[in-house]
Amino acid sequence: MFTRGPSLGMRLFLLVITSILLMYLDHQQGHLQTVRQGLSVAVYPIRLVVDLPSRVLLWAGESLSSRGSLIEENQRLQQDQLQAKVLLQRLEALEAENGRLRALLESQPQLPDRILVAEMLSVDLDPFRHNLVIDKGSSDGLYVGQAMLDADGVVGQITRVEPLSSEAIMISDPGHATPVEINRNGLRTIALGTGDSSSLRLPFLPNNADVEAGDLLVTSGLGNAFPSGYPVARVVAVNRRPGEPFAEVTAEPTAALNRKREVLLVWERTDDAAGDSPMAGDESVEDDTAADAQPAATDPEP
Numbered sequence: 148m149f150t151r152g153p154s155l156g157m158r159l160f161l162l163v164i165t166s167i168l169l170m171y172l173d174h175q176q177g178h179l180q181t182v183r184q185g186l187s188v189a190v191y192p193i194r195l196v197v198d199l200p201s202r203v204l205l206w207a208g209e210s211l212s213s214r215g216s217l218i219e220e221n222q223r224l225q226q227d228q229l230q231a232k233v234l235l236q237r238l239e240a241l242e243a244e245n246g247r248l249r250a251l252l253e254s255q256p257q258l259p260d261r262i263l264v265a266e267m268l269s270v271d272l273d274p275f276r277h278n279l280v281i282d283k284g285s286s287d288g289l290y291v292g293q294a295m296l297d298a299d300g301v302v303g304q305i306t307r308v309e310p311l312s313s314e315a316i317m318i319s320d321p322g323h324a325t326p327v328e329i330n331r332n333g334l335r336t337i338a339l340g341t342g343d344s345s346s347l348r349l350p351f352l353p354n355n356a357d358v359e360a361g362d363l364l365v366t367s368g369l370g371n372a373f374p375s376g377y378p379v380a381r382v383v384a385v386n387r388r389p390g391e392p393f394a395e396v397t398a399e400p401t402a403a404l405n406r407k408r409e410v411l412l413v414w415e416r417t418d419d420a421a422g423d424s425p426m427a428g429d430e431s432v433e434d435d436t437a438a439d440a441q442p443a444a445t446d447p448e449p
């Protein structure tokens, strides 16, 4: 008995007890956070190697593009740039007018203080879990709960920060909820993920709610989960069911959740940054959403 060591059942029992003890210590007191961060640094080169083939294919595709397609794309970009310049001429006047109105109302502009571009390393589109990993971490100033966007709208928010990389949950994850409001009338509600990257649902709107297909949903800023005013989705269908308290409303995310490789990370404007802004008026106003706030993923319950 002593030469053979403990039996297989005893070994399994000891492993189970050890695992439960480690999970308890990690969940209650975070003792394994340093170990996890160290392992993430060690695994980071492996993530880069795994992502290398897609990077090489993307680079090769761009390098081997035909001259005709490059000329056509260049012309299209020049047209887009011209249209953007025309819009900016009008936006400068609107920005000045908005600054004067905010000064009268003693309200500061809701603009991000800092924006950082990150690249996706991996994406998990399991029906029950929509997570991704980006190549920026705590060394770049990221924090848990930070909003993540692309050029068209909200993508998700950071759930775990490691030294060189971070994990994020997408708004299409079945366990994620985004506080939104209808841009047309300011009606507030919650958009829930469905497990489909092209669909969100709004289950808490009554049948008589003023919502129509085509309405733009933007972040409401409630719960400090996301800065207010960013586009989230556009309503595609409204089904008012007689006898039911709530309508069946579905929306399509404005962000390209399954197509883009780059995302934008935003930091909310701090008091000092707002006070230095020429649009902030003569006196600085206290910012209720400080940049050091670290909101967690929103609970899907209403």
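The sequence shown runs 148 to 449 under the numbering used here. Note that the Cβ used here is the ideal one computed from N, Cα and C, for glycine as well.
**Request:** Could you check the C-alpha separation between A420 and S286 for me, to the nearest Å?
**Result:** Bear in mind that a pLDDT of 42 at A420, under 50, signals an unreliable position, so the model cannot answer this.
**Asked** Is the number of C-beta pairs between the region 278-298 and the region 339-350 that are closer than 8 Å three or more?
**Response** no
**Request:** Give the single residue among D273, H277, E314 whose Cα lies nearest to the Cα of Q293.
**Result:** Answer by Cα proximity: E314.
**Prompt:** According to DSSP, is I218 helix, strand or coil?
**Reply:** helix
**Prompt:** Residues in its own chain within less than 7 Å of N332 by CB, not counting five upstream and five downstream?
**Reply:** The residues are D357.
**For P450, the first and last residue of its enclosing beta strand (DSSP E)** = Coverage of the chain is limited to positions 148 through 449, which leaves residue 450 absent and any answer about it impossible.
**Message:** Checking 7 Å against the spacing of the C-beta atoms, do S346 and T397 come in under that value?
**Reply:** yes
**Asked** Alpha carbon to alpha carbon, what distance is there between Q222 and E492?
**Response** For residue 492 there is no data in the structure shown, the boundaries of the chain being 148 and 449.
**Prompt:** Which residues in the same chain as E395 place their Cβ atom closer than 7 Å to its Cβ, once the five residues preceding and following it in sequence are excluded?
**Reply:** N386, R388
**Request:** Kindly indicate which three-state DSSP category H174 falls into: helix, strand or coil?
**Result:** DSSP places H174 in helix when its eight states are reduced to three.
**Asked** From G361 to S216, what does the alpha carbon distance come to, in whole angstroms?
**Response** 33 Å
**6 Å CB neighbourhood of S187 in its chain, flanking five on each side removed** = Contacts found: E309.
**Request:** Return helix, strand or coil for Q293, following the three-state DSSP convention.
**Result:** It is coil, neither helix nor strand.
**Prompt:** What does M317 pair with, by DSSP beta-bridge criteria?
**Reply:** Per DSSP, G303.
**Message:** In the DSSP output, what is D273 paired with across the bridge?
**Reply:** R276
**Whole-Å CB distance - D352 paired with F393, under 8 Å assumed** = Reading off the sequence shown, one finds Leu at residue 352, where the question assumed Asp. About 6 Å separates the two Cβ atoms, so the contact holds.
**Asked** Would the region 319-338 and the region 373-385 be scored as touching if the rule is three or more Cβ pairs under 8 Å?
**Response** The region 319-338 vs the region 373-385: in contact.
**Request:** Ignore the nearest five residues each way along the sequence and tell me which others in E391's own chain have a CB closer than 8 Å to its CB.
**Result:** N354
**Item:** Extent of the continuous beta strand (DSSP E) to which E328 belongs
**Value:** 324-329
**Message:** Considering just the uninterrupted stretch of the beta strand (DSSP E) at L381, what are its terminal residues?
**Reply:** Looking at the sequence shown, residue 381 is not Leu but Arg. Element bounds for R381: 378-386.
**Message:** Short of 8 Å in beta carbon distance, which residues of its chain neighbour S312, apart from the five on each side in sequence? Order them along the chain.
**Reply:** S187, Y191, R194, L268, V280, I281, D282, K283, G284
**Item:** For L404, the nearest candidate out of S201, L159, V270 (CA to CA)
**Value:** V270
**Prompt:** Skipping 5 residues on each side, what residues in its chain have a beta carbon closer than 8 Å to that of L155?
**Reply:** none
**Span of the alpha helix (DSSP H), counted from its first residue to its last, around E209** = 180-210
**Item:** Candidates P200, N330, I337: closest to S319 by CA position
**Value:** I337
**Asked** Tell me, which residues are paired with V308 by DSSP?
**Response** S313
**Message:** Using a 10 Å radius around the Cβ and a threshold of 16 neighbouring Cβ atoms, would you call M317 buried or exposed?
**Reply:** buried
**Request:** Report all residues from its chain with a CB closer than 7 Å to the CB of T306; omit the five preceding and five following residues, and keep chain order.
**Result:** V291, E314, A315, I316, A444
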